[in-house]
Amino acid sequence: MNRRLFVYLASAFCLLNHAILASNSSEPPLHASRFTLHAPPPHPRIIFPGSETVAVKKKIADDKLLAKAHDKLIDIADKTINEKPVKRVMTGRRLLHVSRKCLDRVLNLSYAYRMTGDKKYAVRAQKEMLAAASFSDWNPNHFLDVAEMTAALAMGYDWCYDTLDPTARQTIRQAIVEKGLMPSLKGGFWVSGINNWNQVCHGGLTLGALAVMEDEQELARKIITRAVKNLPNAIHEYQPHGAYPEGPGYWVYGTSYNVAFLAAVESVLGTDFGLASLPGFMESADFYLHATGPTGPYFNYADGSAGNTYHLTPIVFWFAQKRNDPYLLWFQKKALEKIVSKTSIDRFSPLITIWSPPLDDIPEPTMNHWRADGTNPIGMHRSGWGHDAIYTAIKAGSPSAPHAHMDIGSFVMHADGIVWGIDLGAQNYHSLESKGIKLWGRAQDSERWTVFRLNNLSHNTIVADGKPQITKGKAEITSFSSKGDMPGTVIDMTTVYEGQFTKAQRGVFLYKDSSVVVQDELTTPNQDTSIRWGMVTKANIKIKGNRATLKQDGERLTLEVIEPEHVKLETFETENPPRKHDVKNPGTKMIGFKTNIPASTTKRLLVVLTPGKKSILPAQLPEQ
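Convert by adding 405 to the 1-based position in the sequence shown; the result is the number in my numbering.
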């Protein structure tokens, strides 16, 4: 491939990469501001250069599952031909759903054209891009919308360049510049931010810059330089072990655009500026792997959506290929097998066949226990990698993190193909904003915490005297074990319960790969305290004293309170939350108990969850 684009000279690239790798700073030095654009490679050049087409076709021909995925993509493209192009229809303050639909269609149609040579797909992609180009704007007040629309037109412009008629080519290029790149020069919090906005906006805009750079050299230089300078602010949040503070769901969103940036600049400029080598980034694929339960849904903490099957995540294929670690695709292969029968797929799915290594022999991961520190520490444990394995995970961190909930100490539990202990997930943003809820404040008195799904009343954690968790607090992992009969994670939640407990610790353990043990040690201040222990579930529940039998889809789980003695389990309402702005949670309930702890007293809570008909209690209780 011809990669004749220089930062002054190729040696300047080497200097930049060396400087980034040698620095522990979250921001690389500004050598990137030097580069001038000269003789870029011909179209198509972004992520999937024309020179790689033959190799990708051969890879698909040699891999039955990739061939099925490819056929599915072509089938969807065929169905898109007769659909009407997107229109500028806002949902509240967002155009985001329209931008995503446009990207979904354009990327898939462009892929179909590249792989089949049939111009009908390129013609339909052109129609879609011209529709978006005709919009008055791409909603710069919510810049994610602009970034994703820029990505859509950039990919279509590049991949279908040779078939676009001259007028359409000019119109699409002008829209990328005037409605995508130029509005970004006004700036915004996302430019130097630390969350997914940084990654999505810089990633989408860089695709636009690379698409039009021979015609807009100075503008493209500004866009790419700014991205190289500021993306490390977001990548820094992956440190030290790869856990994404906003949860697995937003890891997919932010990291997808981060990977798109890396793959794009590498394919066009011949370098990723060393950004992929920043601490925690490449390791984050392990975070996503371990956050995924054996039955498919991931631990959807923070503003993650609740799912019921495996999530097809195209960027995992990039990580697996880049790291040469095919085990990362353990769940993705299952997701791909399921998705070939679905009517819709992820908007980045056309990149799977481009990035994927061979899928015939994906090895089982070897590590059953994983932890990560950082902004939102997390510990995850499983008995194995089969569908019926036991899985549990616990979240530490702070409610003040981006997209965070008051879910500190919350855990999930899977066994026998059932998700027994669940997280309700986020509530649709527009459903709250349309009712006047100021959703994005993170102060203690923010309206955000009046939303049932977001506060601690709906999570599998401790509630003291009905009070919320403290947003400025942060829980850390104090102990983690991956060995012996009782591997587990212990977190110190004391600052998250400031004023409610003088000491608050929680541990989640996997006992002999047979039971999950949840243990709390709570010390009260100089006042009596009423606490509630709870776990949300969709199972049917039968209670007898301190023991409950949960049944779901023919499977069974026993939940038993060992300490304190003589408590009576009960259920708490989750299906119909108390406030008008809350959505219902059909089919759910919380199993738990209440108990009083006298002033200045330390009390232990010990709950054992055992799947199947066994009743296995730890012979040696865990020490915290």
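Ideal Cβ positions, reconstructed from N, Cα and C, are used throughout, including at glycine.
Starting from residue i, follow the alpha helix (DSSP H) in both directions and report where the run begins and ends.
i: Asp925; result: Segment 920 to 928 is the beta strand (DSSP E) holding Asp925; no alpha helix (DSSP H) there.
i: Trp735; result: 735 to 744
i: Gly613; result: 601 to 617
i: His475; result: 469 to 485
i: Ala639; result: 622 to 640
i: Met554; result: 548 to 564
Got a sec, what are the start and stop residues for the beta strand (DSSP E) residue i sits in?
i: Asn941; result: The identity of residue 941 in the sequence shown is Val, whereas the question assumes Asn. Val941 -> beta strand (DSSP E) spans 934 to 942.
i: Asn945; result: 945 to 949
i: Thr894; result: 893 to 897
i: Leu915; result: 908 to 916
i: Met772; result: No beta strand (DSSP E) contains Met772, which DSSP labels as neither H nor E.
i: Ala681; result: That residue, Ala681, is in no beta strand (DSSP E); it is neither H nor E in DSSP.
i: Gly784; result: 783 to 787
i: Ser689; result: It is not in any beta strand (DSSP E) - Ser689 instead sits in the alpha helix (DSSP H) that spans 689 to 696.
i: Lys532; result: Lys532 -> not in any beta strand (DSSP E); alpha helix (DSSP H) instead, spanning 524 to 538.
i: Val1052; result: The chain is shown only over 406 to 1029; residue 1052 falls outside these bounds and no answer can be derived.
i: Trp825; result: 823 to 826
In this structure, does DSSP put residue i in helix, strand or coil?
i: Lys584; result: helix
i: Tyr518; result: helix
i: Trp845; result: coil
i: Asn981; result: coil
i: Arg505; result: helix
i: Leu955; result: strand
i: Glu960; result: strand
i: Asn663; result: helix
i: Arg450; result: coil
i: Tyr834; result: helix
i: Pro653; result: helix
i: Val1013; result: strand
i: Ser884; result: strand
i: Phe704; result: coil
i: Ala869; result: strand
i: Ala794; result: coil
i: Thr993; result: coil
i: Thr496; result: strand
i: Thr1006; result: coil
i: Lys727; result: helix
i: Val721; result: helix
i: Thr1000; result: strand
i: Gly455; result: helix
Going by other Cβ atoms of all chains shown within 10 Å of its Cβ, with 16 needed for buried, is residue i buried or exposed?
i: Gln932; result: exposed
i: Gln575; result: exposed
i: Phe914; result: buried
i: Lys1018; result: exposed
i: Asn729; result: exposed
i: Ala466; result: exposed
i: Asp480; result: exposed
i: Glu623; result: exposed
i: His792; result: exposed
i: Leu683; result: buried
i: Val868; result: buried
In chain order, what residues of the same chain lie with their CB nearer than 7 angstroms to the CB of residue i, ignoring the 5 residues before and after it?
i: Arg510; result: Thr485, Glu533
i: Gly685; result: Tyr643, Gln644, Pro645, His646, Gly647
i: Leu887; result: One detail in the question is off: residue 887 reads as Ser in this sequence, not Leu. Closer than 7 angstroms at Cβ, skipping near neighbours: His774.
i: Ser672; result: Arg450, Ile451, Ile452, Pro454
i: Lys877; result: Ser805
i: Val745; result: Lys473, Ala474, Lys477
For residue i, which residues of its own chain have a beta-carbon under 6 angstroms away from its beta-carbon, when the five flanking residues on both sides are left out?
i: Pro1016; result: Ala820, Asp821, Leu962
i: Glu960; result: Asp821, Ile823
i: Ser815; result: Lys800, His864, Asn865, Thr866
i: Lys917; result: Asp890
i: Arg498; result: His547
Within its chain, find whatever has a CB closer than 8 angstroms to the CB of residue i; leave out the 5 residues flanking it on each side and keep chain order.
i: Pro969; result: Thr1000, Lys1008, Arg1009, Leu1010
i: Leu844; result: Tyr834, Leu837, Glu838, Glu852, Arg853, Val856
i: Leu974; result: Ile948, Gly950, Asn951, Arg952, Ala953, Leu964, Val966, Ile996, Gly997, Phe998
Does the Cβ of residue i lie closer than 6 angstroms to at least one heavy atom of the ligand ZN?
i: Ala806; result: In the structure on display, the ligand ZN does not appear, and there are no ligands present to speak of.
How do the region 791 to 800 and the region 719 to 736 stand: do at least 3 beta-carbon pairs fall below 8 angstroms, yes or no? no
Should the region 580 to 593 be called in touch with the region 638 to 653, which here means at least 3 C-beta pairs below 8 angstroms? no
Three or more beta-carbon pairs under 8 angstroms between the region 649 to 666 and the region 806 to 822, yes or no? yes
Take every Cβ of the region 495 to 506, pair it with every Cβ of the region 733 to 745, and state whether three or more of those distances are shorter than 8 angstroms. no
Using 8 angstroms as the cut-off, can you tell me whether the region 662 to 680 makes contact with the region 600 to 610, which would need three or more C-beta pairs spanning the two stretches below that distance? yes
Counting pairs of Cβ atoms below 8 angstroms between the region 468 to 480 and the region 759 to 772, do you hit three or more? yes
For the region 555 to 571 against the region 446 to 463, do three or more pairs of beta-carbon atoms, one drawn from each stretch, fall closer than 8 angstroms, so that the two count as touching? yes
Using 8 angstroms as the Cβ pair cut-off and three pairs as the minimum, do the region 944 to 951 and the region 921 to 930 touch? The region 944 to 951 vs the region 921 to 930: no contact.
Would you call the region 705 to 716 and the region 823 to 832 touching, i.e. three or more CB-CB distances under 8 angstroms? yes
For the pair the region 511 to 519 and the region 775 to 786, tell me if three or more CB-CB distances fall below 8 angstroms. no
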